[in-house]
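Worksheet: the structure to be examined is printed underneath.
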Amino acid sequence: MTMQLVLEVCGSDGGAPVPLARKVFDRVGGVIGRGSGCDWVIHDPSRLLSSHHGLIGYREGRYFLTDISRNGIGVAGSPERLRKGQARPISHGDVFQLGALVMRAGLMEAQRGPEAALVGAGGPIPDDAFLGLDPLQALDLEQQRQVASNELQALSESSEEPGAWQERHAADRAFLVMPRRAEPPVEDATDAISALGAAVEEPFWTAFAAALGMDLDHLDGPGRAALAIKVAHLFRVAIEGLQQNLRTREALKNELMPASTDRSAQRQNPLAVCVDTPAVLTAMLGAQALDQCSAERAITQAHQDGQIHQVALLAACRSALRHAHAVFAPGHLLLSLESQRKPSRFFSDAGYWRAYQRYYQRLAEDDQFNDPLLGREFTRAYEEQVHLASVLHIDYPG
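By the count of UniProt numbering, the sequence shown reaches residue 398 at its end, each step adding exactly one.
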């Protein structure tokens, strides 16, 4: 028995009025969401529904729902939420929460063909069933049937009892196979189209699996489509994070070294030039400008710049700390004060000067100037800043 999947938007979570919508899937799948390229475009005034929110799949007579959104898909009336990228079977009467919209799923038997639409013999007779009959014509037909000649009747009668010849020659025909023309096999058009589509798409999925470095042989068509959509979503998230990292690094360099920032290489990188993520994706995946580097080079250069910035910042901190220690060394301090040719009150009491020399010597002997993380104060400030920055991203929408 073939079933159809009927999905309908029956309300919203907040009670706000929403236009009712209905979609029937007949042994096929599709993408649902706000985007214009979806198989079922759902209007959502709250805009909590993603452009590509869910994927409907059909295989082995069952329908499945896969979450490919940012805000997720929940099951109304329960704490259950669909796992991203994992297909969940759809049962009759299931109610799903897509953003602020409530969607009900129903399974119904597929409608039969036109031959099943004929009215049965037990149905009511229409009122105009006899309006087309002519009484005189009916009388003439009856008379023609009654005056049929006996000769014609004799031709239609059999000279033997009915079934006598069949009974006499039944044994002769029991094992006789009459030859007949073999009919050419008729292939199902749907199966042929599906096989042709799979053959056309197979080179794409082979190249996609090679570029991704994964084996996709265990996934069917809907599973591969869900994986491709998830890869595209993760790529966008990665580009957003990489662009934000470049902006943060640039702000730190401008604060530490305002006059030493080299912008010649940044003019060729779309990650540093474009104002937002859609512009970056258009520049990297579309037609490249003449002075623009390739997408692979742009991503590699951005990661290298981040690594170089971290290593250079650590080396600069160590150098600055060593320079500060050298400036306050007793010998350097003595030479600096003597070069001013002014009497210093610091040397008026030799006890203070000897105490300062002993303190500095003790720090140098304990190797506290070369702490692995540039000293306890540096470690404390670093961990505090990491904690504060992590709090800003604790509610990242997965």
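C-beta atoms are modelled at their ideal positions from N, C-alpha and C, and glycine is treated no differently.
By how many angstroms is the C-alpha of residue j removed from the C-alpha of residue i?
{"i": "A279", "j": "R362", "result": "58 Å"}
{"i": "A228", "j": "Q268", "result": "29 Å"}
{"i": "G99", "j": "G61", "result": "28 Å"}
{"i": "I42", "j": "G30", "result": "13 Å"}
{"i": "Q385", "j": "L314", "result": "16 Å"}
{"i": "W353", "j": "H323", "result": "21 Å"}
{"i": "G120", "j": "G106", "result": "Below a pLDDT of 50, predicted positions are generally treated as unreliable, and G120, at 39, falls in that range; no measurement from the model is reported."}
{"i": "R247", "j": "I90", "result": "45 Å"}
{"i": "L334", "j": "A298", "result": "52 Å"}
{"i": "G93", "j": "G33", "result": "21 Å"}
{"i": "T300", "j": "A251", "result": "20 Å"}
{"i": "H325", "j": "Q307", "result": "28 Å"}
{"i": "R27", "j": "D39", "result": "14 Å"}
{"i": "H332", "j": "L281", "result": "56 Å"}
{"i": "L20", "j": "T206", "result": "41 Å"}
{"i": "R365", "j": "A389", "result": "The identity of residue 365 in the sequence shown is Glu, whereas the question assumes Arg. Each residue's alpha carbon lies about 36 Å from the other."}
{"i": "F64", "j": "R380", "result": "52 Å"}
{"i": "A350", "j": "H387", "result": "46 Å"}
{"i": "G37", "j": "V18", "result": "21 Å"}
{"i": "M257", "j": "L285", "result": "34 Å"}
{"i": "L234", "j": "F204", "result": "20 Å"}
{"i": "E383", "j": "Y360", "result": "28 Å"}
{"i": "A312", "j": "E201", "result": "48 Å"}
Beta-carbon within less than 8 Å of residue i's beta-carbon, same chain only, minus the 5 sequence neighbours each way: which residues are those?
{"i": "A76", "result": "V95, F96, Q97 and V102"}
{"i": "T277", "result": "R236, I239, E240 and Q243"}
{"i": "A189", "result": "Residue confidence is low: A189 scores 46 on pLDDT, short of 50, so the model does not pin down where it sits. Its coordinate-derived value is still stated next. Correct list: empty, nothing qualifies."}
{"i": "R80", "result": "The question names Arg, yet the displayed sequence has Glu at residue 80. Here the set comprises G74."}
{"i": "S78", "result": "none"}
Enumerate in chain order the residues of its own chain whose CB-to-CB distance from residue i is below 6 Å, with the five nearest sequence positions on each side excluded.
{"i": "L82", "result": "D67, I73 and R88"}
{"i": "P222", "result": "G29 and G57"}
{"i": "V24", "result": "Q4 and V6"}
{"i": "R104", "result": "E8, C10 and V95"}
{"i": "G35", "result": "S51 and H52"}
{"i": "F378", "result": "none"}
{"i": "R22", "result": "E8"}
Taking the Cβ atom as the reference point for each residue, do residue i and residue j lie within a distance shorter than 8 Å?
{"i": "A302", "j": "L242", "result": "yes"}
{"i": "A226", "j": "L48", "result": "no"}
{"i": "R59", "j": "D217", "result": "no"}
Using only CA atoms, which one of the options lies nearest to residue i?
{"i": "D358", "options": "P330, F235 and P203", "result": "It is Arg, not Asp, that sits at residue 358 in the sequence shown. Answer by Cα proximity: P330."}
{"i": "S46", "options": "A251, R104, D13 and E250", "result": "D13"}
{"i": "V231", "options": "A251, H218 and L212", "result": "L212"}
{"i": "S69", "options": "A316, P19, G85 and R59", "result": "G85"}
{"i": "V9", "options": "G37, Q310 and D44", "result": "D44"}
{"i": "A272", "options": "N245, G286, E202 and P203", "result": "N245"}
{"i": "N71", "options": "E80, H53, S78 and F64", "result": "H53"}
{"i": "Q304", "options": "E255, R318, R249 and L285", "result": "R249"}
{"i": "R224", "options": "L234, H233 and A209", "result": "A209"}
{"i": "N254", "options": "H309, P203, G286 and T206", "result": "H309"}
{"i": "T2", "options": "G11, A389, P17 and E109", "result": "E109"}
{"i": "F328", "options": "H233, P17, S319 and Y356", "result": "Y356"}
Closer than 7 Å by C-beta to residue i: which residues in its own chain qualify, once you throw out the five before and the five after it? Chain order, please.
{"i": "A283", "result": "P270, C274 and Q292"}
{"i": "M214", "result": "none"}
{"i": "S319", "result": "none"}
So what does residue i bridge to, in DSSP terms?
{"i": "L65", "result": "I56 and R88"}
{"i": "F25", "result": "L5"}
{"i": "M108", "result": "Q4"}
{"i": "I32", "result": "W40 and G54"}
{"i": "S12", "result": "L101"}
{"i": "I73", "result": "L98"}
{"i": "residue 415", "result": "As shown, the chain starts at 1 and ends at 398. That puts residue 415 outside it, with no answer to give."}
Are any of the Cβ atoms in chain C nearer than 8 Å to that of residue i?
{"i": "I239", "result": "Looking at the structure shown, chain C is missing, and only one protein chain is on hand."}
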